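Numbering (the UniProt record's numbering), first residue to last: 1 to 330.
In this text, a Cβ means the ideal position worked out from N, Cα and C, and glycines have one as well.
Remember, it's a predicted structure, so these values are computed and weren't measured experimentally.
Below is one structure, written out as structure tokens; the observations come after it.
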């Protein structure tokens with residue numbers, strides 16, 4: 001059984017990755033229903049939190065039904081990060097995660113996210129200070145290194161553990177790779193196989209089939225898998241992996257009825273949480289996968305992703321229900 005601090009997260013837990021404009025409360029709720037063991041918020045700027053920026057503060061919203069839940073923050077300034085820990089604590093998360101892996105230029109240029117991979121001593125000292133500043137477990141999400149010439153993840157992970165990190169999630173790419181090429185899980189396995197490591201080591205990157213999740217568990221020996229892009233518009237991925245683990249067989253794909261129900265609930269929850277304009281806009285990215293594989297679907301998808309009016313999107317769902325009732329996904 002893997003444990004994050006004192007939190008038992010099960011045998012080979014599946015974690016919903018923190019994804020900007022994706023891992024919000026509505027989507028986290030759907031993933032939790034479908035078997036996600038731990039969910040993380042979108043990443044939150046420490047500078048935004050201490051300035052009380054509305055978008056950053058809104059991301060602190062968490063709900064009982066999604067526990068255990070981690071709030072992820074990023075930044076490179078010690079004082080700001082410690083102040084943000086105090087703000088985050090008031091939301092009552094189970095875990096605080098530090099983002100040392102986001103490769104996006106606007107984050108990296110400030111020395112935060114994957115930018116801190118150029119300054120490992122700062123990465124370690126920030127983690128140590130945050131561990132000492134809270135009683136909540138501090139976890140870290142990072143990458144293999146800045147580039148292929150600076151992969152020292154075995155040493156880095158050990159140092160983070162030694163200053164008190166409760167778990168580490170590692171994306172199997174460098175910052176330079178961004179999301180290109182294939183994720184390399186071998187260095188993550190080296191971290192896990194380091195005899196000095198005793199905290200959970202979770203793998204991230206390219207886990208997009210149940211077989212890959214099983215490979216991460218059985219071949220690479222990791223403690224769990226963090227799922228990102230494979231879950232967008234497809235929260236059922238978590239239950240499919242667990243079914244495959246239990247039976248060795250693929251679970252039947254969700255029915256049209258299940259997909260429509262999830263899409264409708266997702267949109268309504270998003271509207272309830274962030275208002276119609278943002279709710280409609282930020283659920284658009286999910287519709288391609290909600291209805292992937294349906295022939296002659298382009299016109300319906302266009303309606304879903306171009307309308308700014310929730311009523312029009314719900315009407316498009318109704319049209320799909322009428323036109324494709326009983327459609328079988330294979």
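With fewer than 16 other Cβ atoms inside 10 Å of its own Cβ, residue 250 counts as exposed.
A check of alpha carbon separations from residue 309 across 293, 324, 290 and 281 identifies 281 as the nearest. The alpha helix (DSSP H) runs of length 4 or more contained entirely in the segment 105-164 are, from start to end of the chain, 105-108, 120-132 and 153-162. Our two residues, residue 125 and residue 17, have alpha carbons roughly 24 Å apart in a direct line. Taking residue 264 as the centre and dropping the five residues before and after it, the same chain places the C-beta of 314 and 317 closer than 8 Å to its C-beta, in chain order.
Comparing alpha carbon positions, the residue from 102, 267 and 222 closest to residue 12 is 222. Residue 8 carries a strand assignment under DSSP once its states are collapsed to helix, strand and coil. Per the coordinates, the alpha-carbon of residue 159 lies some 53 Å from the alpha-carbon of residue 320.
Residue 95: member of the beta strand (DSSP E) spanning 95-100, first to last residue. Measuring C-alpha to C-alpha distances from residue 48 to each of 273, 39, 60 and 40 identifies 60 as the nearest.
In the DSSP assignment, residue 171 falls within the unbroken beta strand (DSSP E) covering 167-171. Fewer than three beta-carbon pairs drawn from the segment 299-309 and the segment 225-235 are found closer than 8 Å, and the two stretches are therefore not classed as touching. The C-alpha of residue 253 is placed about 42 Å away from the C-alpha of residue 135.
The C-alpha of residue 166 is placed about 25 Å away from the C-alpha of residue 212.
About 4 Å separates the beta carbon of residue 76 from that of residue 111, a gap short enough to meet the 8 Å contact definition.
Following the DSSP letters along the chain, one finds residue 213 inside the alpha helix (DSSP H) bounded by residues 210-218.
At least 8 Å separates the beta-carbon of residue 15 from that of residue 205. Taking a contact as a CB-CB distance under 8 Å, the pair residue 104 and residue 70 does not count as one, their CB atoms being some 20 Å apart. Residue 226 sits in a strand when the DSSP states are folded into three classes.
The C-beta distance from residue 144 to residue 184 rounds to 7 Å, short enough to fall under 8 Å. In the three-state reduction of the DSSP assignment, residue 253 falls in the coil class, being assigned neither a helical nor a strand state.
For residue 279, the three-state secondary structure derived from DSSP is helix. Straight-line measurement puts the Cα of residue 259 at about 14 Å from the Cα of residue 304.
DSSP, read as helix, strand or coil, puts residue 317 in helix.
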